[in-house]
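Written out below as structure tokens is the structure these notes cover.
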Amino acid sequence: MFADTVIEQMRELGYIARVVSIEHIKGIGDELNALDDRKVLDADLLSILRNFYICDYSNVPFDVKSVIVTASQCRIGKAFFNYRGKKIPVTIPPTYVEYKSDPAKIEKCLQKILAAENYHAQIAYRLPGKIIAAKCGLSLYGKNNICYVTGMGSFVLLSTYYSDLPCEDGNWGEARMMECCEACDACMNSCPTGAISSQSFLIKAERCITYHNEFSNTPDFPEWISPSAHNSIVGCMHCQTCCPANRNYLNRIVGLEEFSEDETERILQGTDKSGLSGETVEKLERLNLMVYYDKLARNIRVLLEPVKQ
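In numbering that gives the first Met the number 0, the protein residues as written are 0 to 308.
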């Protein structure tokens with residue numbers, strides 16, 4: 000089948016891909032309903048997921064028959080903030096910077112490959128890539144509820160695309176956890192908030208630092224999160240840097256933008272977006288951080304200011 004050719008040509012370009020029947024994707028909503036029935040996710044987080052993940056291809060200009068899910072390698076990013084006379088490196092976890100740019104590049108690759116047989120592809124931003132990748136066998140879960148791909152670890156962006164490419168229905172099943180997780184508690188022991196369970200790869204999301212620095216709009220973090228636990232502008236790296244499955248990828252670090260003392264101060268003051276210089280906005284856009292701008296003052300301050308003992 001041509002789907003196999005697409006997968007092979009994507010592999011040659013450095014991407015891992017799978018093709019899934021659209022009929023399977025239509026049932027993704029049932030996955031979220033099951034989580035609700037089992038009461039394993041915080042109600043607020045479940046509401047966020049339901050509002051974000053939507054399978055709607057009514058405006059796609061071709062007859063959608065499948066979804067192509069891809070895995071692309073990402074790196075740990077370092078942004079630099081000049082603050083009180085010091086240049087301080089701050090971590091941006093893998094996937095945040097690449098979230099918008101990589102899918103667009105991959106879409107062009109897919110379109111070029113598919114055009115050979117008059118097929119098409121279009122980015123599907125609002126499909127749950129983690130669930131799709133896990134159920135089609137592209138990835139495995141860790142205890143930390145993060146997906147791992149062979150040869151990439153968890154430093155991987157999972158992207159989805161609607162396509163009119165026909166495919167077989169066989170590659171679909173239950174999500175599985177990595178076998179190496181069974182006898183390993185590294186992520187559980189490393190998590191400072193106790194969000195990770197030994198019983199399931201579904202974490203206590205309301206305890207996860209990522210939930211609080213990415214979705215919560217409160218002016219301050221909850222008191223039960225130690226200031227020393229924070230480690231990234233958004234997201235969290237505790238359970239990824241300690242993971243044996245990531246051992247070979249921890250040196251994949253890239254230096255990114257640098258912010259001057261004035262730029263840093265304006266961000267920490269919560270200056271309205273319109274009051275930022277064009278250069279500052281461009282830097283934040285390149286880091287894909289403007290979408291989190293209303294949280295940046297809180298998130299960055301806790302990383303720059305010394306922890307009071």
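C-beta: ideal position from N, C-alpha, C; glycine also.
Could you check which residue in the options has the C-alpha nearest to that of residue i?
i      : options                           : result
Thr94  : Leu302, Leu288 and Arg300         : Leu288
Cys186 : Arg265, Asn143 and Glu7           : Asn143
Glu222 : Ile266, Glu284 and Val301         : Val301
Phe220 : Val59, His211 and Ala228          : His211
Leu109 : Asn230, Glu256 and Val18          : Val18
Thr149 : Leu126, Cys179, Glu167 and Ala194 : Cys179
Pro243 : Tyr147, Ile6 and Ala114           : Tyr147
Pro165 : Asn188, Phe61, Met151 and Leu12   : Phe61
Does DSSP put residue i in a helix, in a strand, or in coil?
i      : result
Tyr160 : strand
Met177 : coil
Glu262 : helix
Ser225 : coil
Ala185 : helix
Gln308 : Per-residue confidence for Gln308 stands at a pLDDT of 38, beneath the threshold of 50, marking its modelled position as unreliable; the derived number appears in the next sentence. Reduced to three states, the DSSP call for Gln308 is coil.
Leu255 : strand
Tyr56  : coil
Val301 : helix
Gly152 : strand
Cys108 : helix
Give the C-beta separation of residue i and residue j to the nearest angstrom, bearing in mind that I take them to be a contact with Cβ-Cβ under 8 Å.
i      : j      : result
Val68  : Leu157 : 6 Å
Leu139 : Met176 : 6 Å
Thr159 : Val66  : 6 Å
Thr279 : Arg297 : About 18 Å; that fails the 8 Å criterion.
Ser231 : Ile91  : 6 Å
Leu303 : Phe80  : 6 Å
In angstroms, rounded to a whole number, what distance separates the CA positions of residue i and residue j?
i      : j      : result
Thr217 : Ser225 : 16 Å
Asn247 : Met236 : 15 Å
Ala16  : Thr4   : 11 Å
Gln121 : Ala103 : 9 Å
Ser20  : Asn170 : 9 Å
Lys77  : Glu22  : 41 Å
Ile145 : Ser153 : 7 Å
Ala115 : Gly141 : 37 Å
How far does the alpha helix (DSSP H) with residue i in it reach, from first residue to last?
i      : result
Thr240 : His237 to Thr240
Ala70  : Taken as a continuous stretch (DSSP letters only), Ala70 belongs to no alpha helix (DSSP H), being part of the beta strand (DSSP E) at Ser65 to Gln72.
Thr209 : Ile208 to Glu213
Residue range of the beta strand (DSSP E) that residue i falls in?
i      : result
Ala16  : Ile15 to Ser20
Gly76  : Ile75 to Tyr82
Ile122 : Ala120 to Ile122
Val89  : Lys85 to Ile91
Is residue i near the ligand SAH, with its Cβ less than 6 Å from a heavy atom?
i      : result
Gln121 : The ligand content of the structure shown is nil, which means the ligand SAH is not present either.
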